[in-house]
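Step one of this worksheet: look at the structure below.
2 protein chains.
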Amino acid sequence: MSFAPTSSTWAATTIDALRGAGFRTGGARRAVIELLARQTCCLSAQEIWDGLRRESRPVGIASVYRVLEVLADLKLVQRLDVGGGVARYEPMLPSGDHHHHLVCDDCGKVEAFSDEPLEDALRDLGDQAGYDVDAHDVVLRGSCGDCRV
Amino acid sequence: MSFAPTSSTWAATTIDALRGAGFRTGGARRAVIELLARQTCCLSAQEIWDGLRRESRPVGIASVYRVLEVLADLKLVQRLDVGGGVARYEPMLPSGDHHHHLVCDDCGKVEAFSDEPLEDALRDLGDQAGYDVDAHDVVLRGSCGDCRV
DNA sequence: TGCGAAAATGATAGCGAGTCTCATAACTGC
DNA sequence: GCAGTTATGAGACTCGCTATCATTTTCGCA
Ligand SMILES: [Zn+2]
Ligand SMILES: [Zn+2]
Ligand SMILES: [Zn+2]
Ligand SMILES: [Zn+2]
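From first to last, the protein sequence lines are chains A and B. With the working numbering applied, the first sequence covers 1 to 149. With the working numbering applied, the second sequence covers 1001 to 1149.
So, in structure tokens, the structure goes:
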């Protein structure tokens, strides 16, 4: 849940990691990273593109996808899917701090939650299966309090 | 994990449920349902289309998607996403029995697992958030034992 | 059993997220 | 600055999926 506090360092960490991996620093890449760093939850590529355009920092849509692909490969962002056939992305903090999502099938609302017992169960499962798990997705779908009437 | 035992009844239950909901019985719908009933894990729409064609039961691709949409709306199948931008579908047994998935990012292998502690944690979470949760997705991503070397 | 309204089906056009291509612009080491 | 290399962006393209619509099939009813 506490996301913003550490996210300012995420941008720096991420740019360092890219440098370390032999990438140069271009304007589009930096713009996408800085926008992502300001978020508290996931964004779609289109939303990132719109956001940058709105703040007069227009970037080619292809660049947005390219940056996201590189960041995902380096495990600096998590690509996730909450339905609707649109991929969403959010920063992966070095601390491992993260959250998961509740989606209301009726109104489309997306809420975040985090839960230690859940993380414990997931950690055990990965170990048990002999997998080196580096990410997990959890999405709960249903009707939120407002929609259930 | 135990899927096949109850899946033979799933086809009948599903066809009954459709009737009850006011749907007529068409050949395409029955073919898709019967193919799904024979599976132990998720299939994509294309895989279903290919499978039916291979068993000389060709069906329009549009019908496959339509049937899956209806079944998903009636919560008779679960639509899930293990990455790659392709939706997959698997029967939802009336018993509530189900499993989740481990995906190897290297070789693409998809394995199923089920775990009670995980289900308990998820149930608690839904209640806690005031959601009427009717489905949840859990996907663990990483490197399987074979790929990690 | 045969009719007709209404639903199911399938071919195909259309849509949109995401990828590929390639010419141009920007970065970096010299 | 210069050259070599990487990053960028416009647009063509791919492909999963949906919408459309003419045709076929189902099923209540006479
Ligand atoms: Zn989030
Ligand atoms: Zn988690
Ligand atoms: Zn499965
Ligand atoms: Zn479960």
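Quick reminder that beta carbons are idealized off the backbone N, C-alpha and C, glycines included.
Asked: Segment limits, beta strand (DSSP E) that includes Asp-1132(B); Found: 1132-1143
Asked: Where the region 129-147 of chain A meets chain B: residues whose CB sits under 8 Å from a CB there; Found: Ala-129, Gly-130, Tyr-131, Asp-132, Val-133, Asp-134, Ala-135, His-136, Asp-137, Val-138, Val-139, Leu-140, Arg-141, Gly-142, Ser-143, Cys-144, Gly-145
Asked: Contact test: Glu-1119(B) Cβ vs ligand 4 heavy atom, cutoff 6 Å; Found: yes
Asked: Inter-residue spacing [alpha-carbon to alpha-carbon] between Gly-1085(B) and Cys-1104(B); Found: 16 Å
Asked: 7 Å Cβ cutoff met for Ala-1031(B) and Arg-1053(B); Found: no
Asked: Under the three-state DSSP convention, the category Ala-1045(B) falls into; Found: helix
Asked: Where Leu-1102(B) falls: helix, strand or coil (DSSP); Found: strand
Asked: 7 Å Cβ cutoff, Asp-81(A) in contact with chain B; Found: yes
Asked: CB of Asp-124(A) within 7 Å of CB of Gly-1142(B), strictly; Found: no
Asked: heavy atom of ligand 1 below 6 Å from Glu-90(A) C-beta; Found: yes
Asked: Environment of Gln-1078(B) [buried if 16+ CB atoms lie within 10 Å]; Found: buried
Asked: Near ligand 3: Pro-129(A) beta-carbon under 6 Å from a heavy atom; Found: Just to set this straight, residue 129(A) is Ala in the shown sequence, not Pro. No, ligand 3 has no heavy atom inside 6 Å of this Cβ.
Asked: Under 9 Å (Cβ pairs) to chain B, residues found in the region 17-32 of chain A; Found: none
Asked: CB contact check: Leu-1068(B) to chain A, cutoff 7 Å; Found: no
Asked: Beta-carbon separation (whole angstroms), Ala-1045(B) vs Val-1059(B), contact threshold 8 Å; Found: The pair is not a contact, with the Cβ atoms about 11 Å apart (cut-off 8 Å).
Asked: Contiguous beta strand (DSSP E) assignments of at least 3 residues, all confined to the region 1013-1083 of chain B; Found: 1077-1081
Asked: Residues bridged to Glu-119(A) [DSSP beta-bridge criterion]; Found: DSSP output for Glu-119(A) lists no bridge partner at all.
Asked: 6 Å Cβ shell around Ile-1061(B) - same chain, five flanking residues per side excluded; Found: Trp-1049
Asked: Which of helix, strand or coil DSSP assigns to Pro-5(A); Found: In this prediction, Pro-5(A) has a pLDDT of 48, which is less than 50 and means its spatial position is unreliable; nothing more can be read from the coordinates.
Asked: In DSSP terms, what Val-1110(B) is bridged to; Found: Val-1103(B)
Asked: For Arg-1148(B), the three-state DSSP class (helix, strand or coil); Found: helix
Asked: Cα-Cα separation between Asp-115(A) and Val-139(A), rounded to whole angstroms; Found: 13 Å
Asked: Whole-angstrom C-beta distance between Asp-137(A) and Leu-76(A), which should lie under 8 Å; Found: Leu-76(A) to Asp-137(A), Cβ: 17 Å. No contact.
Asked: Cβ of Arg-1121(B) within 7 Å of any chain A Cβ; Found: In the sequence on display, residue 1121(B) carries Ala and not Arg. Yes - at least one Cβ of chain A is within 7 Å of the one on Ala-1121(B).
Asked: C-alpha distance - Gly-96(A) paired with Ala-1011(B), whole-angstrom precision; Found: 43 Å
Asked: Nonlocal neighbours in the same chain, by C-beta distance under 7 Å from Arg-66(A), ignoring five residues either side; Found: none
Asked: Distance cut-off 6 Å: Ala-1062(B) Cβ against heavy atoms of ligand 3; Found: no
Asked: Spatial distance of Cys-42(A) from Glu-1055(B) (CA atoms); Found: 42 Å
Asked: Exposed unless 16 or more other CB atoms sit within 10 angstroms - verdict on Glu-1090(B); Found: buried
Asked: Heavy atom of ligand 1 within 6 Å of Ala-112(A) beta-carbon; Found: yes
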